[in-house]
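Chemist: 2 is the number of the first residue of the sequence shown in the numbering used here; add one for each residue after it.
Just so you know, even glycine gets a beta-carbon here, dropped at the ideal spot from N, CA and C.
Can you read through this structure? Questions will come right after.
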Amino acid sequence: MKTLFHNNHIEHALRERGSTMLVYLFVMAATAAVAFGAMQTIALNLESAEAHKKGKNAFYSAEVGLDLAVNDIINEFEDLIPYTESSDYGGDSEGYINVADYRNYAVKYKIENPLEPFLYQTVVGNTIIYHYAYSYDIEAESNSLKDSSRESVNESIRILETPLVQYFVFYGQSGNSADLELFPGPDMNSWGRIHSNADIYIGSSSYNNINLRNYDDDDNMSPHSMTAVGDIHTYKKNNGSDYSGTVRIKTSVTGLTFTSSEYETLTTSITSDNEASEEARFNNYVLVNEEPYTTPSKDLFKRGDFYEQRAENPQKDTVDGMTIIGTGGLGKDQIEVHVSRPSYTDVTDLVLAGESSTGNPIVGLPMPIIREVTSAFEDCREDERAVDTTDIDLYALGLWYEAYLEDQGLSLAGDGMLIYTSRSPDSGFTNQSGNLQAIRLITINSTSSPQLSDETTLASDNPVYIHGDFNTVNTRGVALVGDAMNVLSNAFSTKTCNITQSQLYNNYRGSETTVYAALFAGHLPTNENGSNYSGGVHSYPRLHEWWTGAALNFRGSFVNLWDSEQADGLWCLGGNCYSGPTRNWGWDVRFQNPDFWPPFIPSIFSVERVGFLE
Numbered sequence: 002m003k004t005l006f007h008n009n010h011i012e013h014a015l016r017e018r019g020s021t022m023l024v025y026l027f028v029m030a031a032t033a034a035v036a037f038g039a040m041q042t043i044a045l046n047l048e049s050a051e052a053h054k055k056g057k058n059a060f061y062s063a064e065v066g067l068d069l070a071v072n073d074i075i076n077e078f079e080d081l082i083p084y085t086e087s088s089d090y091g092g093d094s095e096g097y098i099n100v101a102d103y104r105n106y107a108v109k110y111k112i113e114n115p116l117e118p119f120l121y122q123t124v125v126g127n128t129i130i131y132h133y134a135y136s137y138d139i140e141a142e143s144n145s146l147k148d149s150s151r152e153s154v155n156e157s158i159r160i161l162e163t164p165l166v167q168y169f170v171f172y173g174q175s176g177n178s179a180d181l182e183l184f185p186g187p188d189m190n191s192w193g194r195i196h197s198n199a200d201i202y203i204g205s206s207s208y209n210n211i212n213l214r215n216y217d218d219d220d221n222m223s224p225h226s227m228t229a230v231g232d233i234h235t236y237k238k239n240n241g242s243d244y245s246g247t248v249r250i251k252t253s254v255t256g257l258t259f260t261s262s263e264y265e266t267l268t269t270s271i272t273s274d275n276e277a278s279e280e281a282r283f284n285n286y287v288l289v290n291e292e293p294y295t296t297p298s299k300d301l302f303k304r305g306d307f308y309e310q311r312a313e314n315p316q317k318d319t320v321d322g323m324t325i326i327g328t329g330g331l332g333k334d335q336i337e338v339h340v341s342r343p344s345y346t347d348v349t350d351l352v353l354a355g356e357s358s359t360g361n362p363i364v365g366l367p368m369p370i371i372r373e374v375t376s377a378f379e380d381c382r383e384d385e386r387a388v389d390t391t392d393i394d395l396y397a398l399g400l401w402y403e404a405y406l407e408d409q410g411l412s413l414a415g416d417g418m419l420i421y422t423s424r425s426p427d428s429g430f431t432n433q434s435g436n437l438q439a440i441r442l443i444t445i446n447s448t449s450s451p452q453l454s455d456e457t458t459l460a461s462d463n464p465v466y467i468h469g470d471f472n473t474v475n476t477r478g479v480a481l482v483g484d485a486m487n488v489l490s491n492a493f494s495t496k497t498c499n500i501t502q503s504q505l506y507n508n509y510r511g512s513e514t515t516v517y518a519a520l521f522a523g524h525l526p527t528n529e530n531g532s533n534y535s536g537g538v539h540s541y542p543r544l545h546e547w548w549t550g551a552a553l554n555f556r557g558s559f560v561n562l563w564d565s566e567q568a569d570g571l572w573c574l575g576g577n578c579y580s581g582p583t584r585n586w587g588w589d590v591r592f593q594n595p596d597f598w599p600p601f602i603p604s605i606f607s608v609e610r611v612g613f614l615e
């Protein structure tokens, strides 16, 4: 019995041990399965993370393609040339521009332009502004050079070209050169958009009023805003004199009246500290800390660059082109005149003789049309230098050109004329020695008229002098571009310097003069430390006579895009320089109509994303 019990006990122990081993093996198997599953999960996560990383890299590389495409488009527009399609810019057989290796990805992009340019409106502050809109569809693709990852993205963008004739005063550039100063003495009424790419300093230096309103003198409604990338101050930049309370902003929308309930007065400073409350107080007619604009380079107007090239060949069937190059000295051999239609042709002899293309004199044509004058007058601001001018009578020139076209069986192209004129021998000309070389717009003959044949852009790299009433009969949309803009009154004939203020008063009295034009020119900015005061917007058109008591009537735009390089004399007042006129200045509301715009207007550009697809 004892032996049997012992054997049973051993068998039971063995069975217990076997069960334990079996459980252990099951546990080990389960643990191994869990571990294997965990390892698989980790491996899958690692693979997923790596795939995600590769996908992101591919996506970002494809986005680089979009950025490169947008840069290509913007670079063309900044040179005032609308981009077409990538197939026109070295694209492959499918129209793609290829980037061989961007961080181990082959990137390519294609740009297509599906729509013709169209007019487009946006709201700036409380005003509507027009743009030419150009639409582009962009496709970009990236393919890894190391693995199989790839990505493609698509977006649609819109480039907005904004002609600057829609501003009354626009100061481009950046920093100190973009500061806008306006401190006239007498009362001043003004209307139209005012913008600075930096700070605005504004006030009446005689504690009179500057009335900024939303109607012109003829009770025509006008855009109404003052915007600054920086701040707005009513004290002077050069000496800190405070003229707060002298700038009144119309806040009602009714007519010309300026009762106390219809305007708000600028405080000493509007900055980021009081931005919200102050902008609300002016109903958003006054805005600070706005986005800056990129403006055209002065290089576009140098000899041989964009504007001269387009005057030779506008590349638009609807625009007439002409170049007038004065090479110095007297006689017809010192002037060269070419027209772009029907082909680029030297017409110098015909213009100087007043003859059509058939060689017959044009009846009733005021002569001369163009002339060169050595030492026409002295500019006392420019180190008392004598000024040599190419004088152009735009009315007579238009009559001649229409007769010339008629002989060819043609008429005006329809969208205006681009004239490029210069006395510079080449693009490197600095105009810093000898007589100052300049362009003068004048009615040369007493039978002529301040009238133009069509909307006109006249561009030069030299200083420009507007002599007498300009564009006042059957007014056209006109843009004048130059290194600096000067206005000589109807009474002006000539001037010498090194005289007293009394002699200026007695011998060089300005008379009432009216100008209709958008002026694009440079200035000499007041230094950051306040020295070398520039005179501000109220001396943006440079003056050379005793104007006190006489009115300078101006309708158009003052657009400052660069520092003057050729006419770089510092502002001077009194002495033998000038005295200020009665300034009846404002924006020409007809520039609200795109049909009134001249061709090839200097513009600003912006980009809008219309759609995106991954």
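(1) Check whether the Cβ atoms of residue 419 and residue 312 sit closer than 7 Å, and answer yes or no.
(2) Going by alpha carbons, who is nearest to residue 301 out of 507, 310, 294 and 133?
(3) Short check: CB of residue 605 to CB of residue 163, under 7 Å?
(4) Please state whether DSSP places residue 400 in a helix, a strand or coil.
(5) Please go through the same chain and pick out, in chain order, the residues whose beta-carbon is closer than 8 Å to the beta-carbon of residue 491, but skip the five residues on each side of it.
(6) With DSSP as the reference, label residue 114 as helix, strand or coil.
(7) Since residue 227 sits in a beta bridge, which residues does DSSP pair it with?
(8) Does the distance from the CB of residue 98 to the CB of residue 87 come in under 7 Å?
(9) For residue 277, collect the residues of the same chain with a Cβ closer than 6 Å to its Cβ; drop the 5 residues on either side in sequence, then sort them by chain order.
(10) Are residue 625 and residue 449 closer than 7 Å when you measure CB to CB?
(11) Does residue 318 pass the burial test, meaning 16 or more other C-beta atoms within 10 Å, or should it be called exposed?
(12) Which same chain residues, not among the five before or five after residue 600, have their C-beta less than 6 Å away from its C-beta?
(13) Are the Cβ atoms of residue 480 and residue 522 separated by less than 7 Å?
(14) For a test of the three-state rule: what should DSSP assign to residue 568, helix, strand or coil?
(15) Use the C-beta contact count for residue 342: other C-beta atoms within 10 angstroms, 16 or more gives buried, fewer gives exposed.
(16) Quick one: using the 10 Å Cβ neighbour count with 16 as the cut-off for buried, is residue 47 buried or exposed?
(17) Is the region 150–160 touching the region 189–201, taking contact as three or more C-beta pairs under 8 Å?
(18) Identify, in the order they occur along the chain, each residue of the same chain with its Cβ nearer than 6 Å to the Cβ of residue 180, setting aside the five sequence neighbours on each side.
(19) Tell me whether the region 106–120 and the region 58–74 touch, counting them as touching only if at least three CB pairs, one residue from each stretch, are closer than 8 Å.
(20) Per the contact definition of three or more C-beta pairs closer than 8 Å, is the region 135–144 in contact with the region 556–573?
(21) Can you pull the DSSP bridge partners for residue 588?
(22) On the DSSP letters alone, give me the boundaries of the beta strand (DSSP E) that residue 546 sits inside.
(23) May I have a chain-ordered list of the alpha helix (DSSP H) segments no shorter than 4 residues that lie completely inside the region 344–427?
(24) Taking 7 Å as the threshold (C-beta atoms), are residue 516 and residue 555 in contact?
(25) Once the 5 residues before and after residue 171 are set aside, which same chain residues still bring their CB inside 6 Å of it?
(26) In terms of DSSP beta bridges, what is residue 322 paired with?
(27) Apart from the five residues on each side of it in sequence, which residues of its chain come closer than 6 Å, Cβ to Cβ, to residue 551?
(28) Report the start-end ranges of each alpha helix (DSSP H) in the region 226–255 that is 4 residues or longer and not cut off at the edges.
(29) For residue 261, count neighbouring C-beta atoms within 10 Å of its own C-beta (all shown protein chains included) and say buried if the count is 16 or more, exposed if not.
(30) Taking 8 Å as the threshold, find out whether the region 492–501 comes into contact with the region 338–354 through three or more Cβ pairs.
Modeler: On the basis of the data shown:
(1) Closer than 7 Å, so yes.
(2) 310
(3) Against a cut-off of 7 Å, the Cβ pair of residue 163 and residue 605 comes out as a contact.
(4) helix
(5) 469, 470, 512, 513 and 514
(6) coil
(7) For residue 227, which the question treats as bridged, DSSP gives the partners 195 and 287.
(8) yes
(9) none
(10) Past the edges of the chain, shown from 2 to 615, lies residue 625, and the structure says nothing about it.
(11) exposed
(12) 320, 416, 417, 419 and 458
(13) no
(14) coil
(15) buried
(16) Low confidence applies here, because residue 47 scores a pLDDT of 48, under 50, leaving its location unreliable; read the following figure in that light. When all chains shown are included, residue 47 counts as exposed.
(17) These segments do not touch.
(18) Taken in chain order, the residues that qualify are 199 and 200.
(19) Contact between the region 106–120 and the region 58–74 is established, with three or more Cβ pairs separated by less than 8 Å.
(20) no
(21) None; residue 588 has no bridge partner.
(22) Looking at the DSSP string, residue 546 is not in any beta strand (DSSP E), and its letter there is neither H nor E.
(23) Secondary structure remark: continuous alpha helix (DSSP H) runs of at least 4 residues inside the region 344–427, in chain order: 349–354 and 395–408.
(24) yes
(25) 165, 196 and 560
(26) 419
(27) 511, 512, 513 and 582
(28) As far as the region 226–255 is concerned, it has no whole alpha helix (DSSP H) run of at least 4 residues.
(29) Classification for residue 261: exposed.
(30) With a cut-off of 8 Å, the region 338–354 and the region 492–501 do not count as touching, because too few Cβ pairs lie within range.
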